[in-house]
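Participant: My questions will all concern the structure given below.
This is the structure we're talking about:
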């Protein structure tokens with residue numbers, strides 16, 4: 001996450017500087033300011049041209065995009081719901097660029113409205129959907145409201161037009177739609193699922209953006225029509241296309257931040273803080289290089305309140321960094337697969353502490369269909385563990401217990417044996433959905449009950465390999481944090 005935030009910060013600076021310099025007429029080689037709506041078509045085309053280059057060179061399109069029937073042929077093509085995600089993301093891309101082109105407002109001013117707005121919307125949306133919202137989130141809302149109020153109260157330093165206000169509103173609406181779809185189909189912790197969302201949204205969004213602008217131009221909007229025609233023949237068109245190329249870079253970092261399997265209360269602050277700091281750097285760089293007005297005292301004061309809001313959202317995660325974190329393994333009856341996973345994890349962690357320093361972790365297990373609470377681990381499971389070299393004593397103490405909402409909320413991460421069990425846990429406690437995963441993201445671990453000793457042994461080996469991979473992944477051992485206070 002740290003590297004992604006750094007990449008987002010570094011890529012956002014040239015993007016915002018280029019947009020503001022071109023729209024203000026201070027970019028070397030330009031004769032006069034260019035309207036934001038005139039710039040948008042070239043910027044959209046620039047991103048559309050460079051998008052397949054990234055997806056092709058990275059190999060992600062060929063590896064992760066889904067194959068679907070299109071006009072009678074099977075090909076890699078975004079799913080229907082990904083075109084909806086692309087539509088909302090196109091609104092975000094277009095209005096983000098447009099917001100920095102309005103005269104009378106600074107980069108930092110518009111960033112405060114955009115970033116403060118998203119910080120306000122996040123817990124409000126959770127509350128309307130009856131998800132548990134922590135006190136720290138409402139504190140962040142308070143800080144964000146104060147930041148926006150301070151920004152707007154300094155009426156002598158800006159000129160906010162109706163068009164600019166409408167653009168910010170469309171930007172926020174785009175995030176509402178995008179987050180709803182992303183939360184429903186991605187952020188699973190499954191590499192295949194999350195990368196498929198990334199590449200298909202990535203492919204759909206630039207196409208949707210060009211189509212939306214083209215439809216508006218054909219409908220008679222004079223500035224967009226000029227952007228698609230006469231402007232493309234000017235020297236400034238190359239600089240406008242470079243805006244799209246710069247956005248493509250930050251789009252990669254920003255989307256990967258949001259797709260991190262941790263909750264939005266971690267991802268949103270990382271993204272918002274990086275972009276605000278980059279906006280601050282870009283504002284002062286343009287003031288120094290091109291003589292544009294630097295952010296005033298009110299905007300800097302508002303920035304401090306947004307930073308407080310980011311800190312409030314991050315506080316629960318950061319405050320738990322030194323506590324013992326709980327990993328919960330889940331299967332059906334909690335007498336075989338999840339019980340073996342718990343025993344293997346305990347043993348592996350105990351051995352690791354004798355060799356090197358490890359994070360403070362606890363492990364537990366439960367079942368989504370426990371019929372005999374308190375039942376012991378099956379004999380076949382105990383035998384399989386013994387054959388793998390694990391002590392029988394720990395296995396004998398195991399007692400089956402059902403998965404409860406309280407146990408899920410206390411857990412740092414929840415690892416299920418099958419996708420169906422993952423869905424059952426999320427249905428039981430929707431607010432923990434962001435940290436419920438399959439122990440093996442590639443395939444289910446089937447129930448060996450009633451099968452041969454060889455099947456039990458293979459199941460135990462499968463679980464052992466998956467648990468070892470989990471415990472040795474830096475992401476699993478570092479900063480996972482529950483979505484509950």
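Numbering (our numbering), first residue to last: 1 to 485. All C-beta atoms in this analysis are idealised placements derived from N, C-alpha and C, irrespective of residue type, glycine included. Remember, it's a predicted structure, so these values are computed and weren't measured experimentally.
Going by beta carbon distance, what residues of the same chain come within less than 6 Å of residue 144, once the five residues before and after it are set aside?
Facilitator: Result list for residue 144: 116, 119, 120, 309, in chain order.
Participant: How would you label residue 19, buried or exposed, when you count the other beta carbons within 10 angstroms and need 16 or more for buried?
Facilitator: Residue 19 comes out buried.
Participant: Whose C-beta lies closer than 6 Å to the C-beta of residue 399 among residues of the same chain, with five residues either side of it excluded?
Facilitator: Counting only Cβ-Cβ distances below 6 Å, and skipping sequence neighbours, we find 374.
Participant: According to DSSP, is residue 374 part of a helix, a strand, or is it coil?
Facilitator: Coil.
Participant: Within the same chain, show all residues whose beta-carbon is closer than 7 Å to that of residue 177, passing over the 5 residues directly before and after it, in chain order.
Facilitator: Closer than 7 Å at the Cβ level, and outside the excluded window around residue 177, lie 88.
Participant: Measuring alpha carbon to alpha carbon, tell me which residue in 11, 445, 100 is nearest residue 467.
Facilitator: Residue 467 has its Cα closest to that of 445, out of 11, 445, 100.
Participant: Decide yes or no for the touch test of the segment 31-39 against the segment 281-300: beta carbon pairs closer than 8 Å, at least 3 of them.
Facilitator: Contact between the segment 31-39 and the segment 281-300 is absent, because fewer than three Cβ pairs lie under 8 Å.
Participant: Among the candidates 58, 348, 40, whose CA atom is the shortest distance from the CA of residue 229?
Facilitator: Nearest C-alpha to residue 229: 40.
Participant: Since residue 365 is in the alpha helix (DSSP H), which residue starts that stretch and which ends it?
Facilitator: Note, residue 365: premise wrong, no alpha helix (DSSP H); beta strand (DSSP E) at 361-367.
Participant: Along the chain, where does the alpha helix (DSSP H) containing residue 171 start, and where does it finish?
Facilitator: Start and end: 162-185.
Participant: Exposed or buried, which one is residue 28 when buried takes at least 16 other CB atoms within 10 Å?
Facilitator: Looking at its Cβ environment, which holds fewer than 16 other Cβ atoms inside 10 Å, residue 28 is exposed.
Participant: Decide if residue 13 is buried, meaning its Cβ has at least 16 other Cβ atoms within 10 Å, or exposed.
Facilitator: Residue 13 should be labelled buried.
Participant: Apply the 10 Å Cβ neighbour rule to residue 427 and answer buried if 16 or more other Cβ atoms are within range, or exposed otherwise.
Facilitator: It counts as exposed.
Participant: Among the residues of its own chain, which have a CB less than 6 Å from the CB of residue 86, if the five just before and after it don't count?
Facilitator: Answer for residue 86: 201, 204, 205, 208, listed in chain order.
Participant: Measuring only the C-alpha atoms, how far is residue 54 from residue 247?
Facilitator: In a straight line, the C-alpha of residue 54 is about 13 Å away from that of residue 247.
Participant: Excluding the five sequence neighbours on either side, which residues of its own chain have a C-beta within less than 6 Å of the C-beta of residue 507, listed in chain order?
Facilitator: This structure cannot settle anything about residue 507, because the visible part of the chain is limited to 1 through 485.
Participant: Report the CB separation of residue 384 from residue 460 in whole angstroms; it is logged as a contact under 8 Å.
Facilitator: Going by Cβ atoms, the distance from residue 384 to residue 460 rounds to 4 Å, so yes, they are a contact pair.
Participant: From the DSSP output, read off the bridge partner residues of residue 438.
Facilitator: DSSP output for residue 438 lists 416 as bridge partner(s).
Participant: Just to check my reading of the structure: residue 490 and residue 435 have Cβ atoms closer than 8 Å, yes? What is that Cβ distance to the nearest angstrom?
Facilitator: Outside the displayed span of the chain (1 to 485) sits residue 490, for which this structure offers no information.
Participant: Measuring CB to CB, does residue 57 end up less than 9 Å from residue 241?
Facilitator: No, Cβ-Cβ distance for residue 57 and residue 241 is not below 9 Å.
Participant: Taking only three categories from DSSP, how would you classify residue 390?
Facilitator: Residue 390 falls in the coil class under three-state DSSP.
Participant: Taking residue 328 as the reference, which of 415, 84, 433 has the closest Cα?
Facilitator: Taking only the C-alpha atoms, the option nearest residue 328 is 415.
Participant: To the nearest angstrom, how far is the alpha carbon of residue 326 from that of residue 463?
Facilitator: Rounded to whole angstroms, residue 326 to residue 463 spans 18 Å at the Cα level.
Participant: For residue 74, which beta-bridge partners are listed by DSSP?
Facilitator: The partner list for residue 74 (beta bridge, DSSP) reads 69.
Participant: CB-CB under 7 Å to residue 185, same chain, minus the five flanking residues each way: which ones, in chain order?
Facilitator: Here the set comprises 81, 197.
Participant: Return the first residue and the last residue of the beta strand (DSSP E) that residue 328 is part of.
Facilitator: That run of the beta strand (DSSP E) goes 325-331.
Participant: Keeping to the same chain, check which residues put their C-beta closer than 7 Å to that of residue 283; ignore five residues upstream and five downstream.
Facilitator: Excluding positions up to five away in sequence, the list reads 106, 107, 108, 294, 295.
Participant: Assuming residue 77 and residue 68 make a contact with CB atoms under 8 Å, what is their CB distance in whole Å?
Facilitator: With 8 Å as the limit, residue 77 and residue 68 qualify as a contact, their Cβ atoms being about 5 Å apart.
Participant: Does the separation of the CB atoms of residue 11 and residue 253 fall below 9 Å?
Facilitator: In this structure, residue 253 lies closer than 9 Å to residue 11 by Cβ.
Participant: Applying the 10 Å Cβ sphere with the 16-neighbour rule, what's the burial state of residue 162?
Facilitator: Exposed, since its Cβ has fewer than 16 Cβ neighbours within 10 Å.
Participant: Could you pull the start and end residues of the alpha helix (DSSP H) that residue 411 belongs to?
Facilitator: Run containing residue 411: none; DSSP gives neither H nor E here.
Participant: Tell me whether residue 405 sits in a helix, a strand or coil according to DSSP, three-state version.
Facilitator: Residue 405: helix per DSSP, three-state reduction.
Participant: How many angstroms separate the CA atom of residue 79 from the CA atom of residue 210?
Facilitator: When rounded, the distance between both Cα atoms is 19 Å.
Participant: Between which residues of its own chain and residue 146 is the CB-CB distance below 6 Å, once the five residues before and five after are set aside?
Facilitator: So the qualifying residues of the chain are 305.
Participant: Quick one: grab the DSSP three-state call for residue 445.
Facilitator: Note: residue 445 maps to coil in three-state DSSP.
Participant: Can you list, in chain order, the residues of its chain with a C-beta nearer than 7 Å to that of residue 339? Leave out the 5 residues immediately preceding and following it.
Facilitator: Hits under 7 Å: 365, 377, 381, 398.
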